[in-house]
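Here's the structure, in structure tokens; my notes come after.
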Amino acid sequence: MPPLALRKGPGPFRKWLFVGLGVSTFGLYGMAFVVDRFGQHERAVPSDVLVVLGARVLPGGEPSPSLRARIEKAVELYHQGLAPRLLFSGGVGVNPPSEARVMRDLAVRLGVPAEACLLEEQSHSTEQNARFSTGMLRSLGARRVVVVSDPYHLLRARQYFRLHGFEVVTSPAYLTERNMNLVDRIYWTVREAAALLLHPTVLFARQPS
């Protein structure tokens, strides 16, 4: 066996592989840290509309814990006078009815007037939440919106609504299992970080002037 100093080192491919893995891993977990820190801060201020993003509906049309937490947070903000209207965004998933309809029905039971609620029932992704809500928001003359969702979801959601020209502030639904359970929080946060890194146009969307 040759002396240690004379042994052949890793080839160029292995060197670049290790560098690439290091950079991508740092980038992913660095972005996950940003996503988590962003989502843990309350940023709601008086706005034109509260936009509540959908989550899974359970069999029988019951809201999942995550969906219920989002609705309860939005209702709390409504009763604080943060905005005069709520727009519930979410289509029909595995279990009917639409996420938006389930959110509206629970919000009404919690004391929100039905006439203050609008439904967007076609979307099945965060990008569609923003795209399909835009026409309704424009018809109301909305310029600033409060987006309500799970903490891990808020940075990406804000960026999509910014792409459609809205001033966006965010409000986290803290009391959801995806935030309170550490394993779930890590999983969903890393997942969001990957989604942002794969869509740099969304990541760098700016607040409209």
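Add 4 to a position in the sequence shown, counting from 1, and you land on the number used in our numbering. Note that the Cβ used here is the ideal one computed from N, Cα and C, for glycine as well. Owing to the predicted nature of the structure, the values given are computational and were not obtained by experimental measurement.
How many angstroms separate the CA atom of residue i from the CA atom of residue j?
i    : j    : result
N133 : A104 : 11 Å
V55  : S70  : 15 Å
G169 : L122 : 20 Å
V254 : A59  : The requested residue 254 is not part of the displayed model; the chain covers only 5 to 213.
Q211 : R160 : 13 Å
P176 : S51  : 16 Å
V150 : M184 : 22 Å
S93  : G34  : 30 Å
A48  : T174 : 6 Å
M208 : Q163 : The sequence as given places Phe at residue 208; Met does not occur at that position. Each residue's Cα considered, the two are about 8 Å apart.
A146 : E171 : 9 Å
G43  : G64  : 31 Å
R113 : L144 : 24 Å
H45  : P155 : 8 Å
G31  : H83  : 40 Å
V78  : E119 : Per the sequence presented here, residue 78 reads as Ala, with Val not at that position. Approximately 16 Å between the Cα atoms of the pair.
G85  : S129 : 28 Å
L186 : W192 : 10 Å
S213 : R148 : 12 Å
P101 : E196 : 26 Å
H157 : E131 : 12 Å
P117 : Y178 : 24 Å
A111 : I75  : 6 Å
Under DSSP, the beta strand (DSSP E) around residue i begins and ends at which residues?
i    : result
E76  : E76 -> not in any beta strand (DSSP E); alpha helix (DSSP H) instead, spanning P69 to H83.
V106 : No beta strand (DSSP E) contains V106, which is instead part of the alpha helix (DSSP H) from E103 to R113.
M171 : According to the sequence displayed, residue 171 carries Glu and not Met. Where E171 is concerned, the enclosing beta strand (DSSP E) stretches over E171 to P176.
S153 : R148 to S153
L56  : Just to set this straight, residue 56 is Val in the shown sequence, not Leu. V53 to L57 is the extent of the beta strand (DSSP E) around V56.
E124 : C121 to E124
By Cβ distance, which residues of its chain are closer than 6 Å to residue i, with the 5 residues on each side in sequence left out?
i    : result
L25  : Reliability fails at L25, whose pLDDT of 43 lies under 50, so the model's placement of it is uncertain and no value is given.
F136 : E124, Q126 and S127
L167 : A209
Locate the alpha helix (DSSP H) running through residue i, then write down its first and last residues.
i    : result
P88  : Where P88 is concerned, there is no enclosing alpha helix (DSSP H), given that its DSSP letter is neither H nor E.
V206 : P204 to L207
R214 : What is shown of the chain runs 5 to 213, which leaves residue 214 out entirely.
S143 : T130 to S143
L158 : L158 to L167
Give me, in chain order, the residues of the same chain whose beta-carbon lies closer than 7 Å to that of residue i; leave out the 5 immediate sequence neighbours on both sides.
i    : result
L62  : S68 and N99
L202 : none
A198 : L32
T138 : H168
A73  : A177, L179 and T180
Might you give, ordered along the chain, the residues of its own chain that have their beta carbon closer than 8 Å to the beta carbon of residue i, omitting 5 neighbours on each side?
i    : result
E181 : P69, S70 and D188
L200 : M35, V39, L159, R160, Q163, V206 and L207
G115 : V79 and H83
Does residue i have its Cβ less than 8 Å from a Cβ in chain B?
i    : result
M140 : The chain inventory of the structure shown lacks chain B, comprising one protein chain alone.
For the ligand SAH, any of its heavy atoms closer than 7 Å to the Cβ of residue i?
i    : result
L158 : For the structure depicted, the ligand SAH is absent and the ligand set is empty, with no information on it obtainable.
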